[in-house]
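Trainee: Have a look at this one before I ask anything.
Numbering (full-length UniProt numbering), first residue to last: 1 to 200.
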């Protein structure tokens, strides 16, 4: 895919190189898988394939940065200080989006929001938000119980795929006895409980 120049000054190959410099080979392979899935979902559901490609390529841009770098930015840049109680799993999306903006010059708010929300989701999500959230979960390299069902759902009903992923992510976090970020609960209440109540 050739980029139009509207959302980034980089060509796709250049953006890929910039991203690759900041991560392990394994992580970069995941990023390319997410891009492949995000572009396919964008084509299916009528979103911008270019935005899906850019958001997917940059969604984990900050994933392998040191914790100290995130902590510094959270303290310096006016983030909610409660964020310090969480770790990289939350930071690399929420705070990572500002690194993408600052270091890669990507200013499109829809792309940045999709990066911010790709781990936690939200009650209100744009089509692009949903695509990146789901593509991250079901990219071809993923292999875990339920991923096949998630992939099948994503091709039939994106909202159902969002609900499925949210429910199973929450179950996993509970099993691991991990602290749950409030936005993840908000996502669950809206997409899983709210949708179920609407259909009853």
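Glycine included, each C-beta is placed from N, C-alpha and C at the ideal position. All values reported here derive from a predicted model rather than from experimental measurement.
1. Kindly indicate the opening and closing residues of the alpha helix (DSSP H) around residue 27.
2. Could you say which of 159, 75, 4 lies nearest to residue 51 if we only look at CA atoms?
3. For residue 158 versus residue 112, is the C-beta spacing smaller than 9 Å?
4. Relative to the C-alpha of residue 54, which candidate in 174, 71, 36 has its C-alpha closest?
5. With C-beta atoms as the reference, is residue 34 less than 9 Å away from residue 60?
6. When the Cα of residue 6 is compared with those of 77, 108, 66, 74, which residue comes out closest?
7. Under three-state DSSP, which class holds residue 120?
8. Report the rounded CA-to-CA distance for residue 171 versus residue 183, giving the unit in angstroms.
9. Taking 8 Å as the threshold, find out whether the region 134-151 comes into contact with the region 159-168 through three or more Cβ pairs.
10. Exposed or buried, residue 19, counting other C-beta atoms within 10 Å across all chains shown (16 or more means buried)?
11. Does the distance from the C-beta atom of residue 62 to that of residue 100 stay below 9 Å?
12. Would you identify the three-state DSSP class for residue 56, choosing helix, strand or coil?
13. State the Cα-Cα distance for the pair residue 198 and residue 68, rounded to the nearest angstrom.
14. Check for me: the alpha helix (DSSP H) holding residue 137 runs from which residue to which?
15. Considering only residues of the same chain and omitting the five flanking positions on each side of residue 103, which have a CB-CB separation below 7 Å?
16. So, under 8 Å CB-CB, residue 123 and residue 169 are touching, yes? Tell me the CB distance rounded to an integer number of Å.
17. Could you tell me the distance, in whole angstroms, from the CA atom of residue 58 to the CA atom of residue 115?
18. Is the distance from the Cβ of residue 181 to the Cβ of residue 90 below 9 Å?
19. Taking Cβ to Cβ, would you say residue 23 is nearer than 9 Å to residue 64?
20. How would you label residue 43, buried or exposed, when you count the other beta carbons within 10 angstroms and need 16 or more for buried?
Mentor: With the given structure in hand:
1. That run of the alpha helix (DSSP H) goes 25-45.
2. For the residues 159, 75, 4, the minimum Cα distance to residue 51 belongs to 4.
3. Contact flag unset, no.
4. Considering only alpha carbons, the answer is 36.
5. In terms of Cβ geometry, residue 34 and residue 60 form a close pair [threshold 9 Å].
6. Closest option to residue 6, judged by alpha-carbon separation, among 77, 108, 66, 74: 108.
7. Annotated three-state conformation of residue 120 is coil, per DSSP.
8. If you draw a straight line from the Cα of residue 171 to the Cα of residue 183, it comes to about 15 Å.
9. Flag = yes, the region 134-151 and the region 159-168 touch.
10. Residue 19 should be labelled buried.
11. Cβ distance < 9 Å, so residue 62 and residue 100 count as in contact.
12. Here residue 56 sits in helix by DSSP.
13. If I take the Cα positions, the gap works out to 43 Å.
14. From DSSP, the alpha helix (DSSP H) with residue 137 extends over 127-138.
15. Answer for residue 103: no residue qualifies.
16. About 15 Å separates the two Cβ atoms, so there is no contact after all.
17. So the two alpha carbons sit approximately 7 Å from each other.
18. Against a cut-off of 9 Å, the Cβ pair of residue 90 and residue 181 comes out as a contact.
19. Judged by their CB atoms, residue 23 and residue 64 are nearer to each other than the 9 Å cut-off.
20. Answer is exposed; the Cβ neighbour count stays below 16.
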